[in-house]
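What the sequence shown shows, in this note's numbering, is residues 2 to 342, in sequence order. All C-beta atoms, glycine included, are put in the ideal place defined by N, C-alpha and C.
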Amino acid sequence: MSDRSKPTPALTIIEIARLAGVSKSTVSRVMLGSPLVNAETRRRVEETVAKYDYTPNVNAGQMRSKRTNVVSVIVPLYHDADQSISDPFFMRMLTALSEVLTARNCDLLLSCMSETARRQIDHAVRAKRADGIIVIGQSNIHEAICAVARRAVPIVAWGQAVPDQPYATVSSDNRTGARKAVSHLLGLGRRRIVVLGNIDLPETRPRLLGYRDALGEAGVASDPALFVPSSFNRSSASAAVTAFLAGGTSFDGVFALSDEMGRGAVDALARAGMAVPDDVAVVGFDDIASSTADLPLTTVRQDIPAAAAALVELLMEQIDGAPSRDVLLPTVLVRRQSTGF
2 MSDRSKPTPA LTIIEIARLA GVSKSTVSRV MLGSPLVNAE TRRRVEETVA KYDYTPNVNA
62 GQMRSKRTNV VSVIVPLYHD ADQSISDPFF MRMLTALSEV LTARNCDLLL SCMSETARRQ
122 IDHAVRAKRA DGIIVIGQSN IHEAICAVAR RAVPIVAWGQ AVPDQPYATV SSDNRTGARK
182 AVSHLLGLGR RRIVVLGNID LPETRPRLLG YRDALGEAGV ASDPALFVPS SFNRSSASAA
242 VTAFLAGGTS FDGVFALSDE MGRGAVDALA RAGMAVPDDV AVVGFDDIAS STADLPLTTV
302 RQDIPAAAAA LVELLMEQID GAPSRDVLLP TVLVRRQSTG F
(Lines of atoms letter the chains of each structure in order from A and count residues from 1; the text may use other names and numbers.)
(Lines give C-alpha, C1' and ligand atoms only; values in the text may rest on other atoms or scores of the structure.)
Protein backbone atom coordinates (compact mmCIF):
# COMPACT_ATOMS: atom_id res chain seq x y z
CA MET A 1 0.00 0.00 0.00
CA SER A 2 1.67 3.16 -1.15
CA ASP A 3 1.90 6.26 1.01
CA ARG A 4 0.19 9.36 -0.25
CA SER A 5 1.59 12.72 0.81
CA LYS A 6 -0.91 15.07 2.32
CA PRO A 7 -1.70 18.19 0.27
CA THR A 8 -0.05 21.36 1.45
CA PRO A 9 -2.63 23.53 3.28
CA ALA A 10 -3.61 26.65 1.34
CA LEU A 11 -2.23 29.84 2.77
CA THR A 12 -4.59 32.45 4.18
CA ILE A 13 -4.64 36.12 3.21
CA ILE A 14 -3.09 36.94 6.60
CA GLU A 15 -0.13 34.66 5.85
CA ILE A 16 0.28 36.13 2.36
CA ALA A 17 0.27 39.62 3.88
CA ARG A 18 2.96 38.60 6.40
CA LEU A 19 5.14 37.06 3.69
CA ALA A 20 4.81 40.16 1.52
CA GLY A 21 5.41 42.51 4.43
CA VAL A 22 2.13 44.36 4.00
CA SER A 23 -1.28 44.55 5.64
CA LYS A 24 -4.20 42.24 4.92
CA SER A 25 -6.15 45.13 3.40
CA THR A 26 -3.28 45.89 1.01
CA VAL A 27 -3.34 42.31 -0.27
CA SER A 28 -7.10 42.66 -0.82
CA ARG A 29 -6.60 45.90 -2.75
CA VAL A 30 -4.00 44.34 -5.02
CA MET A 31 -6.19 41.28 -5.67
CA LEU A 32 -9.08 43.57 -6.60
CA GLY A 33 -7.01 45.79 -8.88
CA SER A 34 -7.23 48.94 -6.79
CA PRO A 35 -5.31 51.90 -8.33
CA LEU A 36 -4.49 53.18 -4.83
CA VAL A 37 -1.55 50.79 -4.29
CA ASN A 38 1.88 52.00 -5.40
CA ALA A 39 3.77 50.06 -8.07
CA GLU A 40 6.50 48.62 -5.81
CA THR A 41 4.01 47.34 -3.20
CA ARG A 42 1.81 45.90 -5.94
CA ARG A 43 4.80 44.07 -7.46
CA ARG A 44 5.80 42.58 -4.10
CA VAL A 45 2.30 41.34 -3.34
CA GLU A 46 1.77 39.92 -6.84
CA GLU A 47 5.08 38.03 -6.66
CA THR A 48 4.11 36.55 -3.28
CA VAL A 49 0.65 35.58 -4.55
CA ALA A 50 2.18 33.92 -7.61
CA LYS A 51 4.90 32.13 -5.61
CA TYR A 52 2.43 30.51 -3.23
CA ASP A 53 -0.38 30.13 -5.80
CA TYR A 54 -2.75 32.01 -3.50
CA THR A 55 -6.46 32.18 -4.38
CA PRO A 56 -8.84 34.18 -2.15
CA ASN A 57 -11.73 32.27 -0.59
CA VAL A 58 -14.54 34.66 -1.46
CA ASN A 59 -17.35 32.53 0.00
CA ALA A 60 -15.61 32.11 3.33
CA GLY A 61 -15.03 35.83 3.54
CA GLN A 62 -18.68 36.56 2.96
CA MET A 63 -19.76 34.03 5.61
CA ARG A 64 -17.43 35.54 8.21
CA SER A 65 -18.43 39.11 7.50
CA LYS A 66 -22.18 38.47 7.07
CA ARG A 67 -22.23 41.22 4.46
CA THR A 68 -24.86 41.78 1.84
CA ASN A 69 -22.28 42.50 -0.88
CA VAL A 70 -24.56 45.34 -1.97
CA VAL A 71 -23.59 49.00 -2.17
CA SER A 72 -26.28 51.68 -2.17
CA VAL A 73 -25.54 54.43 -4.70
CA ILE A 74 -27.54 57.63 -4.26
CA VAL A 75 -27.79 60.39 -6.87
CA PRO A 76 -29.06 63.59 -5.20
CA LEU A 77 -31.13 65.73 -7.56
CA TYR A 78 -32.78 67.76 -4.82
CA HIS A 79 -30.89 70.99 -5.63
CA ASP A 80 -31.85 71.07 -9.32
CA ALA A 81 -35.33 70.21 -10.58
CA ASP A 82 -34.09 70.38 -14.19
CA GLN A 83 -31.35 67.77 -13.76
CA SER A 84 -32.07 64.05 -14.20
CA ILE A 85 -30.38 60.69 -13.86
CA SER A 86 -29.92 60.71 -17.65
CA ASP A 87 -27.31 63.46 -17.32
CA PRO A 88 -24.24 62.15 -19.21
CA PHE A 89 -21.99 62.69 -16.19
CA PHE A 90 -24.18 60.57 -13.92
CA MET A 91 -24.46 57.85 -16.54
CA ARG A 92 -20.68 57.74 -16.99
CA MET A 93 -20.08 57.58 -13.25
CA LEU A 94 -22.72 54.91 -12.68
CA THR A 95 -21.25 52.78 -15.45
CA ALA A 96 -17.77 53.08 -13.94
CA LEU A 97 -19.05 52.27 -10.43
CA SER A 98 -20.94 49.25 -11.73
CA GLU A 99 -17.77 47.91 -13.36
CA VAL A 100 -15.69 48.37 -10.20
CA LEU A 101 -18.34 46.81 -7.94
CA THR A 102 -18.85 43.87 -10.30
CA ALA A 103 -15.11 43.18 -10.14
CA ARG A 104 -15.50 43.01 -6.35
CA ASN A 105 -18.50 40.66 -6.57
CA CYS A 106 -20.81 43.39 -5.29
CA ASP A 107 -24.17 44.58 -6.56
CA LEU A 108 -25.23 48.21 -7.01
CA LEU A 109 -28.52 49.43 -5.53
CA LEU A 110 -29.43 52.75 -7.19
CA SER A 111 -31.76 55.43 -5.89
CA CYS A 112 -32.35 58.98 -7.09
CA MET A 113 -32.91 61.57 -4.41
CA SER A 114 -35.64 63.97 -5.42
CA GLU A 115 -37.42 64.44 -2.11
CA THR A 116 -36.29 65.32 1.41
CA ALA A 117 -32.64 64.32 1.57
CA ARG A 118 -32.48 63.33 5.23
CA ARG A 119 -35.53 61.07 4.97
CA GLN A 120 -34.22 59.20 1.92
CA ILE A 121 -30.75 58.64 3.31
CA ASP A 122 -32.19 57.56 6.65
CA HIS A 123 -34.37 55.04 4.83
CA ALA A 124 -31.33 53.63 3.03
CA VAL A 125 -29.57 53.22 6.37
CA ARG A 126 -32.49 51.72 8.29
CA ALA A 127 -33.35 49.24 5.54
CA LYS A 128 -29.89 47.66 5.91
CA ARG A 129 -30.08 46.43 2.35
CA ALA A 130 -26.48 47.48 1.69
CA ASP A 131 -23.09 47.42 3.38
CA GLY A 132 -22.46 51.10 2.70
CA ILE A 133 -23.48 54.16 0.73
CA ILE A 134 -21.88 56.09 -2.14
CA VAL A 135 -23.38 59.52 -2.84
CA ILE A 136 -22.67 60.99 -6.29
CA GLY A 137 -22.48 64.70 -5.52
CA GLN A 138 -23.00 66.54 -2.25
CA SER A 139 -25.65 68.79 -3.79
CA ASN A 140 -27.16 70.72 -0.87
CA ILE A 141 -27.36 67.67 1.42
CA HIS A 142 -24.03 68.01 3.24
CA GLU A 143 -25.71 67.98 6.66
CA ALA A 144 -27.71 64.87 5.83
CA ILE A 145 -24.52 63.04 4.79
CA CYS A 146 -22.83 64.21 8.00
CA ALA A 147 -25.69 62.86 10.09
CA VAL A 148 -25.32 59.40 8.53
CA ALA A 149 -21.53 59.40 8.95
CA ARG A 150 -21.86 60.28 12.65
CA ARG A 151 -23.90 57.10 13.09
CA ALA A 152 -20.85 55.12 11.95
CA VAL A 153 -22.51 54.10 8.69
CA PRO A 154 -19.91 53.62 5.93
CA ILE A 155 -20.50 56.47 3.48
CA VAL A 156 -18.41 58.17 0.79
CA ALA A 157 -19.35 61.14 -1.37
CA TRP A 158 -18.17 62.26 -4.77
CA GLY A 159 -17.70 65.93 -4.04
CA GLN A 160 -15.43 68.41 -2.33
CA ALA A 161 -13.77 68.01 1.04
CA VAL A 162 -15.00 70.69 3.45
CA PRO A 163 -13.66 71.56 6.93
CA ASP A 164 -14.60 69.20 9.80
CA GLN A 165 -16.69 66.84 7.68
CA PRO A 166 -17.10 63.38 9.26
CA TYR A 167 -17.42 61.53 5.94
CA ALA A 168 -14.97 60.60 3.18
CA THR A 169 -14.85 62.35 -0.18
CA VAL A 170 -13.34 61.68 -3.58
CA SER A 171 -12.97 64.77 -5.74
CA SER A 172 -11.17 66.16 -8.72
CA ASP A 173 -8.84 69.09 -8.21
CA ASN A 174 -11.61 71.50 -9.17
CA ARG A 175 -9.75 74.67 -8.29
CA THR A 176 -6.64 73.85 -10.32
CA GLY A 177 -8.73 72.60 -13.24
CA ALA A 178 -10.74 75.81 -13.32
CA ARG A 179 -7.59 77.94 -13.08
CA LYS A 180 -6.12 76.10 -16.09
CA ALA A 181 -9.31 76.55 -18.10
CA VAL A 182 -9.65 80.26 -17.43
CA SER A 183 -5.91 80.86 -17.89
CA HIS A 184 -6.27 79.26 -21.32
CA LEU A 185 -9.06 81.71 -22.21
CA LEU A 186 -7.01 84.62 -20.90
CA GLY A 187 -4.04 83.43 -22.94
CA LEU A 188 -6.23 83.75 -26.02
CA GLY A 189 -6.79 87.42 -25.20
CA ARG A 190 -10.24 86.98 -23.63
CA ARG A 191 -10.91 89.36 -20.77
CA ARG A 192 -14.70 89.28 -20.27
CA ILE A 193 -15.27 85.67 -19.24
CA VAL A 194 -18.69 84.48 -18.14
CA VAL A 195 -19.02 81.84 -15.39
CA LEU A 196 -22.01 79.70 -16.34
CA GLY A 197 -23.64 77.46 -13.72
CA ASN A 198 -24.50 77.07 -10.04
CA ILE A 199 -21.59 78.40 -7.95
CA ASP A 200 -23.21 77.65 -4.58
CA LEU A 201 -22.48 73.91 -4.35
CA PRO A 202 -19.50 72.31 -2.57
CA GLU A 203 -18.23 70.86 -5.86
CA THR A 204 -18.48 74.11 -7.83
CA ARG A 205 -17.27 76.67 -5.30
CA PRO A 206 -13.62 75.61 -5.85
CA ARG A 207 -14.15 76.14 -9.59
CA LEU A 208 -15.16 79.72 -8.88
CA LEU A 209 -12.02 80.12 -6.77
CA GLY A 210 -9.93 78.77 -9.65
CA TYR A 211 -11.62 81.25 -11.99
CA ARG A 212 -10.68 84.09 -9.67
CA ASP A 213 -7.14 82.73 -9.26
CA ALA A 214 -6.59 82.89 -13.01
CA LEU A 215 -8.03 86.40 -13.30
CA GLY A 216 -5.87 87.59 -10.43
CA GLU A 217 -2.73 86.13 -11.99
CA ALA A 218 -3.54 87.98 -15.22
CA GLY A 219 -4.38 91.24 -13.47
CA VAL A 220 -8.02 91.11 -14.57
CA ALA A 221 -10.76 92.16 -12.15
CA SER A 222 -13.57 89.73 -11.37
CA ASP A 223 -16.94 91.17 -12.45
CA PRO A 224 -20.04 89.73 -10.69
CA ALA A 225 -22.10 90.82 -13.71
CA LEU A 226 -20.48 87.92 -15.58
CA PHE A 227 -21.86 85.25 -13.22
CA VAL A 228 -24.76 83.59 -15.08
CA PRO A 229 -26.81 81.07 -13.03
CA SER A 230 -27.91 77.89 -14.78
CA SER A 231 -29.10 74.37 -14.06
CA PHE A 232 -26.77 71.53 -15.00
CA ASN A 233 -28.33 70.70 -18.34
CA ARG A 234 -28.00 71.85 -21.93
CA SER A 235 -31.42 73.42 -22.45
CA SER A 236 -31.34 75.44 -19.22
CA ALA A 237 -27.84 76.71 -20.00
CA SER A 238 -28.91 77.67 -23.49
CA ALA A 239 -31.87 79.63 -22.11
CA ALA A 240 -29.66 81.31 -19.50
CA VAL A 241 -27.13 82.47 -22.12
CA THR A 242 -29.92 83.67 -24.42
CA ALA A 243 -31.35 85.78 -21.59
CA PHE A 244 -27.88 87.08 -20.75
CA LEU A 245 -27.29 88.11 -24.36
CA ALA A 246 -30.55 90.05 -24.30
CA GLY A 247 -29.21 92.08 -21.37
CA GLY A 248 -26.46 93.52 -23.53
CA THR A 249 -23.51 92.79 -21.22
CA SER A 250 -20.34 92.35 -23.29
CA PHE A 251 -18.31 89.13 -23.02
CA ASP A 252 -15.82 87.20 -25.13
CA GLY A 253 -15.44 83.93 -23.22
CA VAL A 254 -17.52 81.38 -21.30
CA PHE A 255 -16.32 79.09 -18.54
CA ALA A 256 -19.14 76.57 -18.12
CA LEU A 257 -19.16 74.49 -14.94
CA SER A 258 -20.09 71.36 -16.90
CA ASP A 259 -19.87 70.19 -20.50
CA GLU A 260 -23.65 70.03 -20.84
CA MET A 261 -23.84 73.72 -19.92
CA GLY A 262 -20.95 74.43 -22.29
CA ARG A 263 -22.87 72.86 -25.15
CA GLY A 264 -25.94 74.87 -24.15
CA ALA A 265 -23.86 78.04 -24.37
CA VAL A 266 -22.68 77.09 -27.86
CA ASP A 267 -26.31 76.50 -28.91
CA ALA A 268 -27.40 79.94 -27.69
CA LEU A 269 -24.46 81.73 -29.30
CA ALA A 270 -25.15 80.02 -32.63
CA ARG A 271 -28.80 81.09 -32.54
CA ALA A 272 -27.66 84.65 -31.87
CA GLY A 273 -25.40 84.57 -34.92
CA MET A 274 -22.19 84.61 -32.88
CA ALA A 275 -19.26 82.46 -33.94
CA VAL A 276 -17.45 80.11 -31.56
CA PRO A 277 -14.57 80.61 -30.94
CA ASP A 278 -14.09 83.76 -33.05
CA ASP A 279 -16.60 85.90 -31.15
CA VAL A 280 -16.81 83.91 -27.93
CA ALA A 281 -14.52 81.07 -26.80
CA VAL A 282 -16.13 78.36 -24.64
CA VAL A 283 -14.63 75.94 -22.10
CA GLY A 284 -16.54 73.21 -20.27
CA PHE A 285 -15.81 70.88 -17.36
CA ASP A 286 -15.96 67.03 -17.19
CA ASP A 287 -14.90 65.82 -20.67
CA ILE A 288 -18.05 63.77 -21.15
CA ALA A 289 -18.43 63.07 -24.89
CA SER A 290 -16.97 66.51 -25.55
CA SER A 291 -14.89 65.37 -28.51
CA THR A 292 -17.91 63.99 -30.39
CA ALA A 293 -20.06 67.13 -30.23
CA ASP A 294 -20.86 69.12 -33.40
CA LEU A 295 -18.29 71.62 -32.14
CA PRO A 296 -15.68 69.70 -30.07
CA LEU A 297 -15.51 71.38 -26.69
CA THR A 298 -12.37 72.45 -24.87
CA THR A 299 -12.85 71.10 -21.37
CA VAL A 300 -11.35 70.07 -18.06
CA ARG A 301 -11.12 66.29 -17.94
CA GLN A 302 -12.10 64.44 -14.77
CA ASP A 303 -10.83 60.85 -14.50
CA ILE A 304 -14.15 59.08 -13.92
CA PRO A 305 -12.79 55.48 -13.85
CA ALA A 306 -10.21 56.48 -11.24
CA ALA A 307 -12.91 58.32 -9.28
CA ALA A 308 -15.17 55.26 -9.26
CA ALA A 309 -12.31 53.02 -8.13
CA ALA A 310 -11.41 55.42 -5.32
CA LEU A 311 -15.04 55.76 -4.16
CA VAL A 312 -15.41 52.01 -3.85
CA GLU A 313 -11.97 51.63 -2.26
CA LEU A 314 -12.68 54.21 0.44
CA LEU A 315 -16.07 52.67 1.15
CA MET A 316 -14.58 49.18 1.52
CA GLU A 317 -11.96 50.55 3.88
CA GLN A 318 -14.70 51.91 6.13
CA ILE A 319 -16.64 48.65 5.95
CA ASP A 320 -13.45 46.93 7.13
CA GLY A 321 -13.24 49.33 10.07
CA ALA A 322 -10.72 51.88 8.81
CA PRO A 323 -11.28 55.61 9.43
CA SER A 324 -12.57 57.80 6.60
CA ARG A 325 -10.16 59.72 4.42
CA ASP A 326 -10.25 61.91 1.33
CA VAL A 327 -8.79 61.43 -2.15
CA LEU A 328 -8.01 64.31 -4.54
CA LEU A 329 -7.60 63.40 -8.22
CA PRO A 330 -5.79 65.52 -10.82
CA THR A 331 -7.53 67.27 -13.71
CA VAL A 332 -6.28 67.88 -17.25
CA LEU A 333 -7.18 70.67 -19.68
CA VAL A 334 -8.11 69.24 -23.11
CA ARG A 335 -8.02 71.83 -25.91
CA ARG A 336 -10.43 71.52 -28.81
CA GLN A 337 -12.25 73.65 -31.40
CA SER A 338 -14.44 75.72 -29.04
CA THR A 339 -11.36 77.77 -28.12
CA GLY A 340 -9.52 77.39 -31.44
CA PHE A 341 -7.27 74.72 -29.83
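Exposure label - residue i; buried when at least 16 CB within 10 Å
| i | result |
| --- | --- |
| Asp-260 | buried |
| Met-92 | exposed |
| Leu-342 | Checking the sequence, you will find Phe at residue 342 rather than Leu. It is exposed - the Cβ of Phe-342 has fewer than 16 other Cβ atoms within 10 Å. |
| Arg-326 | exposed |
| Glu-41 | exposed |
| Ala-61 | A caution first: Ala-61 carries a pLDDT of 48, below 50, which makes its placement in the model unreliable, though a value can still be read off. It counts as exposed. |
| Thr-103 | exposed |
| Ser-172 | buried |
| Gly-265 | buried |
| Arg-44 | exposed |
| Gly-285 | buried |
| Ala-145 | buried |
| Pro-203 | buried |
| Met-170 | Correcting the residue identity first, residue 170 is Thr in this sequence and not Met. The residue in question, Thr-170, is buried, as its Cβ has 16 or more Cβ neighbours within 10 Å. |
| Asp-4 | Because the pLDDT at Asp-4 is just 38, under 50, the model does not fix this residue reliably, and the value given afterwards should be weighed accordingly. So Asp-4 ends up on the exposed side. |
| Thr-250 | exposed |
| Arg-65 | The pLDDT assigned to Arg-65 is 45, lower than 50, so where the model puts this residue is not dependable, and the model offers no usable value. |
Beta-carbon spacing of residue i, residue j below 9 Å
| i | j | result |
| --- | --- | --- |
| Pro-297 | Asp-174 | no |
| Gly-138 | Gly-160 | yes |
| Ile-17 | Val-50 | yes |
| Val-74 | Ile-134 | yes |
| Val-313 | Val-72 | yes |
| Cys-113 | Val-76 | yes |
| Ser-184 | Ala-219 | yes |
| Leu-334 | Ala-182 | yes |
| Ser-339 | Val-301 | no |
| Glu-47 | Val-23 | no |
| Arg-180 | Asp-224 | no |
Selected residue, minimal CA-CA separation from residue i, among the options
| i | options | result |
| --- | --- | --- |
| Asp-132 | Leu-329, Gly-322, Leu-334, Val-221 | Gly-322 |
| Asp-88 | Leu-329, Pro-324, Ala-290, Asp-327 | Ala-290 |
| Leu-186 | Glu-204, Val-196, Gly-254, Ala-240 | Gly-254 |
| Asp-108 | Val-28, Asn-70, Asn-141, Ala-162 | Asn-70 |
| Gln-166 | Arg-180, Ala-148, Arg-176, Thr-205 | Ala-148 |
| Ala-257 | Leu-246, Arg-235, Tyr-168, Val-163 | Arg-235 |
| Leu-111 | Val-136, Ala-104, Arg-105, Phe-90 | Val-136 |
| Leu-216 | Arg-193, Leu-202, Ile-142, Glu-48 | Arg-193 |
| Ala-150 | Val-333, Ser-339, Gln-319 | Gln-319 |
| His-143 | Glu-48, Val-31, Tyr-55, Tyr-168 | Tyr-168 |
| Leu-316 | Lys-52, Ala-222, Ala-153, Arg-45 | Ala-153 |
| Arg-337 | Ala-311, Ala-310, Val-277, Arg-43 | Val-277 |
| Asp-54 | Ser-251, Thr-27, Leu-20 | Leu-20 |
| Arg-105 | Ala-310, Asp-280, Arg-180 | Ala-310 |
| Gly-263 | Arg-176, Asp-279, Asp-280, Asp-288 | Asp-288 |
| Gly-190 | Ile-86, Phe-252, Arg-68, Phe-90 | Phe-252 |
| Pro-155 | Arg-130, Pro-164, Pro-203 | Arg-130 |
| Arg-176 | Ile-146, Gly-188, Thr-250, Tyr-212 | Tyr-212 |
| Arg-206 | Leu-12, Ala-247, Ser-140 | Ser-140 |
| Ala-273 | Thr-250, Thr-299, Asp-295, Leu-246 | Leu-246 |
| Lys-52 | Ser-29, Leu-12, Gly-188, Ala-244 | Leu-12 |
Interface flag, residue i vs chain D, CB-CB below 9 Å
| i | result |
| --- | --- |
| Phe-90 | The chain inventory of the structure shown lacks chain D, comprising one protein chain alone. |
For the region 263-326, list the beta strand (DSSP E) runs that are entirely contained and at least 3 residues long, ordered along the chain. 282-287, 299-303
Per the contact definition of three or more C-beta pairs closer than 8 Å, is the region 95-113 in contact with the region 301-309? yes
Three Cβ pairs or more, each shorter than 8 Å: is that satisfied between the region 235-242 and the region 266-280? yes
For the pair the region 218-234 and the region 194-204, tell me if three or more CB-CB distances fall below 8 Å. yes
Which complete beta strand (DSSP E) runs does the region 185-231 hold, if anything under 3 residues is left out? 194-197
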